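Protein chains: 2
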Amino acid sequence: MFKTVKQNKAYQDVVEQIQEAIMEGTLKPGRQLPAERELKEQFGISRGTLREALRVLEQKGLIEIRTGVTGGSIIREVNSENLSDNLGLLIRNRAVSLRDLAEFREGMEGGVAALAAQRATEQDRSLLQGLQEEAESYLKEGRKVWDAFVRTDERIHMALASMSGNQLFIAVLTSVYHNIHTYYENYLPWNKELLQENFNDLCNIIAAVSDRDSERARETALGHVRRFNAYMEGVP
Amino acid sequence: MFKTVKQNKAYQDVVEQIQEAIMEGTLKPGRQLPAERELKEQFGISRGTLREALRVLEQKGLIEIRTGVTGGSIIREVNSENLSDNLGLLIRNRAVSLRDLAEFREGMEGGVAALAAQRATEQDRSLLQGLQEEAESYLKEGRKVWDAFVRTDERIHMALASMSGNQLFIAVLTSVYHNIHTYYENYLPWNKELLQENFNDLCNIIAAVSDRDSERARETALGHVRRFNAYMEGVP
DNA sequence: TGCAATTAAATGGTTAGACCATTAGTAGGA
DNA sequence: TCCTACTAATGGTCTAACCATTTAATTGCA
Numbered sequence: 000m001f002k003t004v005k006q007n008k009a010y011q012d013v014v015e016q017i018q019e020a021i022m023e024g025t026l027k028p029g030r031q032l033p034a035e036r037e038l039k040e041q042f043g044i045s046r047g048t049l050r051e052a053l054r055v056l057e058q059k060g061l062i063e064i065r066t067g068v069t070g071g072s073i074i075r076e077v078n079s080e081n082l083s084d085n086l087g088l089l090i091r092n093r094a095v096s097l098r099d100l101a102e103f104r105e106g107m108e109g110g111v112a113a114l115a116a117q118r119a120t121e122q123d124r125s126l127l128q129g130l131q132e133e134a135e136s137y138l139k140e141g142r143k144v145w146d147a148f149v150r151t152d153e154r155i156h157m158a159l160a161s162m163s164g165n166q167l168f169i170a171v172l173t174s175v176y177h178n179i180h181t182y183y184e185n186y187l188p189w190n191k192e193l194l195q196e197n198f199n200d201l202c203n204i205i206a207a208v209s210d211r212d213s214e215r216a217r218e219t220a221l222g223h224v225r226r227f228n229a230y231m232e233g234v235p
Numbered sequence: 000m001f002k003t004v005k006q007n008k009a010y011q012d013v014v015e016q017i018q019e020a021i022m023e024g025t026l027k028p029g030r031q032l033p034a035e036r037e038l039k040e041q042f043g044i045s046r047g048t049l050r051e052a053l054r055v056l057e058q059k060g061l062i063e064i065r066t067g068v069t070g071g072s073i074i075r076e077v078n079s080e081n082l083s084d085n086l087g088l089l090i091r092n093r094a095v096s097l098r099d100l101a102e103f104r105e106g107m108e109g110g111v112a113a114l115a116a117q118r119a120t121e122q123d124r125s126l127l128q129g130l131q132e133e134a135e136s137y138l139k140e141g142r143k144v145w146d147a148f149v150r151t152d153e154r155i156h157m158a159l160a161s162m163s164g165n166q167l168f169i170a171v172l173t174s175v176y177h178n179i180h181t182y183y184e185n186y187l188p189w190n191k192e193l194l195q196e197n198f199n200d201l202c203n204i205i206a207a208v209s210d211r212d213s214e215r216a217r218e219t220a221l222g223h224v225r226r227f228n229a230y231m232e233g234v235p
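Sequence lines, in order, name chains F and H.
If you're matching positions, the first sequence starts at 0 in numbering that gives the first Met the number 0 and goes up one per residue.
If you're matching positions, the second sequence starts at 0 in numbering that gives the first Met the number 0 and goes up one per residue.
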């Protein structure tokens, strides 16, 4: 019949009030909160309690706290960084396996590439072109810059996610890449041929995106991920 | 050449130390940290600073803080609650739209269903059977239990995610469902025919999973999500 | 003996006031 | 004009005390 009454701590109340003000738009990104010594008066609490509340808001990604005379708590533009961090914690903590990450990536990369193909701007296309040339130059330089190549590969995939315009894909793929990186470096039997194959796949995906051919982008990307996942079969 | 030196605040240092201990497994879920008055001695900081650190860890979902004589900071089993909260914030802030959620779901549901088909046990299959019957009975009861039907629908999708055995799918889909619910309830033009169509889709997916036919499960699930997303086209 | 009420003790929650560290502007001198 | 030192405002940290909550131990009555 009745819900148990929740006895809010003082700092929680402060967190909720400020969070609501941000969500409602009363507090807009870029705007600054009053200084701590004034805020504590407005809320009628001590500075220590206020600071606990501000730390929580900071951790939630809602404010940024700067020191110095012009410093203070600044309302942040909400982004998906936090979601990535949280997912990263979850991945590390639950000991998500390479297999899990790989399966998950299979589910997403195709869709991301398809959306990117639909939504890429002229600027996006030239960005991809530039990244492709960068990757090619690393490939030619040979073994000593292989990890530079791998990083560029990752940047291309993230650029595609970015072009999808979908914050969810961006956030989730960011975490996945951050955590899958070590696996790929350690377990893939990198050699000249594999890098070349990887590069060819990238070129095909980029070409499909440039042609605004979303279905070809989807299939090419999915095929790429599947093939490379298969190369890692049997890895713990 | 060199990275900029990061001047850590004291509380950040504490957060990192405790977080790492949890991630490495030195601190296991259920275990309690020392009391604040002792912890502050171990870290060589004041209680206020320590409490800021604990609040951050609490917000990250890594510890739970209880009052009382047996209280203290208890290491938590990390779950996807935080992820859901975060996604909720992004949605309320309009950083993630219904369209984003729908696109994302399209990317995942097919893969989940395919994995479920490969990995479902006998027990899983009978669980699905039970849920299907439950949904059918709600459907027959008519309008007054429609939201019971919708909740069962959600449980079926989550059961499939669970059967995929992939913690990533489970965590992410849990968050997505928790947050997409309001959209579906408000914007889908629910009526008898739509519910029936929904139910038929579910039956087909469940049948494919029961037959261990992963490709049919993938296609059926994907088609289902796509069709229902299309019904919501034009929604903000 | 058994149980209920009371008390005690440990924990987190909060307060007050002080001082330190960082930063940007300002004034003053070379 | 330019550099330097100072000043003031902000967050960061510390100390020490008291309040609030919860559990376990104690007490006292039946």
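Yeah, the Cβ is synthetic: ideal placement off N, Cα and C, and Gly gets one too.
Please read these numbers as outputs of a predicted model, since none were measured by experiment.
Does the CB of residue i have a neighbour CB from chain F at under 8 Å?
i	result
ARG118 (chain H)	no
ASP200 (chain H)	no
VAL68 (chain H)	no
GLU140 (chain H)	no
LEU172 (chain H)	no
Identify which residue in the options has its Cα closest to the Cα of residue i.
i	options	result
LEU49 (chain H)	H:LYS39, H:GLN58 and H:LEU32	H:LYS39
GLN122 (chain H)	H:LEU159, H:LEU97, H:GLU135 and H:ASN92	H:LEU159
ASN165 (chain F)	F:VAL144, F:SER209, F:GLN195 and F:MET107	F:MET107
ARG226 (chain F)	F:VAL144, F:ASN197, F:ASN92 and F:SER72	F:ASN197
ASP200 (chain F)	F:PRO188, F:TYR186, F:TYR183 and F:ALA220	F:ALA220
SER136 (chain H)	H:GLY29, H:ILE73 and H:PHE148	H:PHE148
ILE73 (chain H)	H:PRO33, H:GLY109 and H:ILE204	H:PRO33
ILE205 (chain H)	H:ARG91, H:GLY29, H:ARG124 and H:ASN178	H:ARG124
ARG142 (chain F)	F:GLU192, F:ALA9 and F:GLU214	F:GLU192
PRO188 (chain F)	F:LYS27, F:THR181, F:VAL95 and F:MET231	F:MET231
THR120 (chain F)	F:GLN16, F:GLU218, F:VAL224 and F:ARG211	F:ARG211
CYS202 (chain F)	F:GLU140, F:ALA112 and F:ARG118	F:ALA112
ARG36 (chain F)	F:ILE90, F:LEU53 and F:GLY24	F:LEU53
GLN18 (chain H)	F:ILE17, F:ARG91 and F:TYR186	F:ARG91
GLN117 (chain H)	H:GLU214, H:VAL224, H:MET22 and H:GLN16	H:GLU214
LEU114 (chain H)	H:MET162, H:GLU184, H:GLY129 and H:LEU126	H:MET162
LEU126 (chain F)	F:ILE21, F:VAL208 and F:LEU26	F:VAL208
Spatial neighbours of residue i within its chain, please: CB distance less than 7 Å, with the 5 preceding and 5 following residues excluded, ordered by chain position.
i	result
ALA229 (chain F)	none
GLY71 (chain H)	GLN31, LEU32, ALA34 and ARG65
Does any CB atom of chain H fall closer than 8 Å to the CB of residue i?
i	result
PRO235 (chain F)	With a pLDDT of 49 at PRO235 (chain F), under the threshold of 50, the modelled position of this residue cannot be trusted, and the question is left open.
ASP99 (chain F)	yes
GLU102 (chain F)	yes
GLU105 (chain F)	yes
GLN58 (chain F)	yes
ASP12 (chain F)	no
VAL77 (chain F)	yes
MET231 (chain F)	no
LEU114 (chain F)	yes
MET157 (chain F)	no
GLY47 (chain F)	yes
What does a CB cutoff of less than 8 Å around residue i pick up in its chain, not counting 5 residues either side in sequence?
i	result
SER79 (chain F)	GLN166, LEU167, ILE169, ALA170 and THR173
LEU194 (chain F)	LEU138, TRP145 and PHE148
MET0 (chain F)	Since pLDDT at MET0 (chain F) reaches only 47, below the 50 mark, its modelled position is unreliable, and no value is offered.
GLY60 (chain F)	ARG75, VAL77, ASN78, GLU80 and ASN81
PRO235 (chain F)	Because PRO235 (chain F) carries a pLDDT of 49, less than 50, the predicted location of this residue cannot be relied on, and no value is offered for it.
GLY222 (chain H)	ASP200
Name, please, each residue of chain F whose Cβ falls closer than 7 Å to the Cβ of residue i.
i	result
GLU35 (chain H)	Those within 7 Å of GLU35 (chain H) in chain F number zero; the least Cβ separation is about 13 Å.
ASN81 (chain H)	ASN85
LEU130 (chain H)	Chain F residues near LEU130 (chain H): none, gap ~23 Å exceeds 7 Å.
MET162 (chain H)	Per Cβ cutoff of 7 Å: no residues; MET162 (chain H) is ~13 Å from chain F at best.
Who are the neighbours of residue i on chain H, taking C-beta pairs under 7 Å?
i	result
GLN166 (chain F)	LEU89, ALA94, VAL95 and ASP99
Could you name the residues of the same chain whose beta carbon sits closer than 6 Å to that of residue i, not counting the 5 residues immediately before and after it, in chain order?
i	result
ILE44 (chain H)	ALA9
GLU57 (chain H)	ILE64
GLU153 (chain H)	TYR176
GLN131 (chain F)	ILE205
TYR182 (chain F)	LEU97
In chain H, which residues lie less than 9 Å from residue i when you measure between Cβ atoms?
i	result
GLY222 (chain F)	By Cβ distance, chain H contributes nothing, its closest Cβ being about 15 Å from GLY222 (chain F), past 9 Å.
VAL55 (chain F)	ARG54, VAL55, GLU57 and GLN58
GLY110 (chain F)	GLU102, PHE103, GLU105, GLY106 and MET107
State yes or no: is the C-beta of residue i nearer than 7 Å to some heavy atom of the ligand NAD?
i	result
VAL208 (chain H)	Of the ligands one can find in the structure shown there are none, so the ligand NAD has no counterpart to examine.
Taking C-beta pairs closer than 8 Å, name the residues in chain F that residue i reaches, listed in chain order.
i	result
GLU51 (chain H)	ARG50, GLU51 and ARG54
GLY29 (chain H)	Chain F residues near GLY29 (chain H): none, gap ~14 Å exceeds 8 Å.
Query raised in the report: Which full runs of the alpha helix (DSSP H) of 4+ residues lie inside the segment 17 to 100 of chain F, going along the chain?
Result: The segment 17 to 100 of chain F contains these whole alpha helix (DSSP H) runs: 35 to 42, 46 to 58 and 80 to 92.
Requested in this report: Could you pull out every unbroken alpha helix (DSSP H) segment of at least 4 residues lying fully inside the segment 94 to 154 of chain H, listed in chain order?
Outcome: 97 to 118 and 121 to 140
Query raised in the report: Which runs of the alpha helix (DSSP H) spanning at least 4 residues fall entirely within the segment 148 to 191 of chain F, listed in chain order?
Result: With a minimum length of 4 residues, the continuous alpha helix (DSSP H) runs that stay inside the segment 148 to 191 of chain F are 166 to 186.
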